[in-house]
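Residue numbers (this note's numbering): 40 to 230.
The following block contains the structure:
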């Protein structure tokens with residue numbers, strides 16, 4: 040038998056063997072890096088200030104713990120909770136920010152490879168008014184390798200380059216605690 044991708048794996052044993060790779064800023068590790076799907080395990084303790092616009096669907100299966108997605112939709116920040124055992128099929132282009140505060144949380148994430156010319160975007164929004172502060176788009180080849188490079192670009196911006204053009208609020212960069220505090224007082228939040 041030619042089992043191109045190997046024989047069945049015990050998923051939780053795989054997690055134990057690769058725990059060191061499930062770290063911020065993305066917390067992703069590819070289970071089958073050479074398959075026709077992008078199949079990643081995503082670990083917890085990770086909260087972020089970026090939003091992802093994926094041109095394809097994503098399947099979230101929350102194996103352990105709880106997580107949530109903050110989505111930017113119809114001019115509002117909304118929240119989708121992922122409880123242990125939940126599965127969620129996210130449509131293409133739903134602008135989302137995965138929040139995984141549970142340090143022991145685990146999510147199986149399945150995505151499609153991106154067709155040539157269909158770019159992923161990462162964007163940062165003002166938590167106060169929802170205005171886009173900064174955005175970068177690219178042909179995604181690897182979640183694990185490509186996204187941290189874009190994060191580094193945004194985090195390297197000077198403070199004055201992260202000021203909201205809509206209301207003048209200073210975006211806190213990677214300091215998710217401040218961003219979430221700003222979001223609590225937001226006029227464009229529905230949760």
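For every residue, glycine included, the Cβ atom is placed at its ideal position computed from N, Cα and C.
Under the three-state reduction of DSSP, which class applies to residue i: helix, strand or coil?
{"i": "residue 191", "result": "helix"}
{"i": "residue 150", "result": "strand"}
{"i": "residue 41", "result": "coil"}
{"i": "residue 202", "result": "strand"}
{"i": "residue 185", "result": "helix"}
{"i": "residue 162", "result": "strand"}
{"i": "residue 179", "result": "coil"}
{"i": "residue 155", "result": "coil"}
{"i": "residue 50", "result": "helix"}
{"i": "residue 172", "result": "strand"}
{"i": "residue 145", "result": "strand"}
Taking the straight line between their C-alpha atoms, what separation do you get for residue i and residue j?
{"i": "residue 152", "j": "residue 95", "result": "8 Å"}
{"i": "residue 84", "j": "residue 214", "result": "14 Å"}
{"i": "residue 194", "j": "residue 159", "result": "19 Å"}
{"i": "residue 205", "j": "residue 173", "result": "12 Å"}
{"i": "residue 208", "j": "residue 227", "result": "14 Å"}
{"i": "residue 220", "j": "residue 167", "result": "10 Å"}
{"i": "residue 80", "j": "residue 56", "result": "12 Å"}
{"i": "residue 100", "j": "residue 78", "result": "11 Å"}
{"i": "residue 86", "j": "residue 138", "result": "5 Å"}
Nearest to residue i by alpha carbon, out of the options?
{"i": "residue 1", "options": "144, 140, 149", "result": "With the chain represented from 40 up to 230, any question about residue 1 goes unanswered, as that position is not in the structure."}
{"i": "residue 47", "options": "70, 59, 155, 66", "result": "70"}
{"i": "residue 222", "options": "177, 164, 213", "result": "164"}
{"i": "residue 120", "options": "113, 114, 109", "result": "109"}
{"i": "residue 144", "options": "77, 103, 53, 93", "result": "103"}
{"i": "residue 74", "options": "66, 157, 45, 54", "result": "45"}
{"i": "residue 122", "options": "167, 81, 146", "result": "146"}
{"i": "residue 116", "options": "133, 79, 100", "result": "133"}
{"i": "residue 142", "options": "127, 106, 187", "result": "106"}
{"i": "residue 161", "options": "198, 111, 154", "result": "111"}
{"i": "residue 218", "options": "230, 88, 156", "result": "88"}
How far does the alpha helix (DSSP H) with residue i in it extend, from its first residue to its last?
{"i": "residue 220", "result": "215–223"}
Within the present structure, is the beta-carbon of residue i separated from the nearest heavy atom of the ligand FMN by less than 8 Å?
{"i": "residue 205", "result": "Judged by which ligands are present, the structure shown has none, so any question about the ligand FMN falls away."}
Quick check on the DSSP output: what are the complete beta strand (DSSP E) runs of length 3 or more inside the stretch 55–101, in order along the chain? 67–69, 77–82, 89–92
Please give the ranges of any beta strand (DSSP E) in the stretch 96–143, keeping only runs that are unbroken, at least 3 residues long and fully inside the region. 97–103, 106–112, 115–121, 126–129, 134–138
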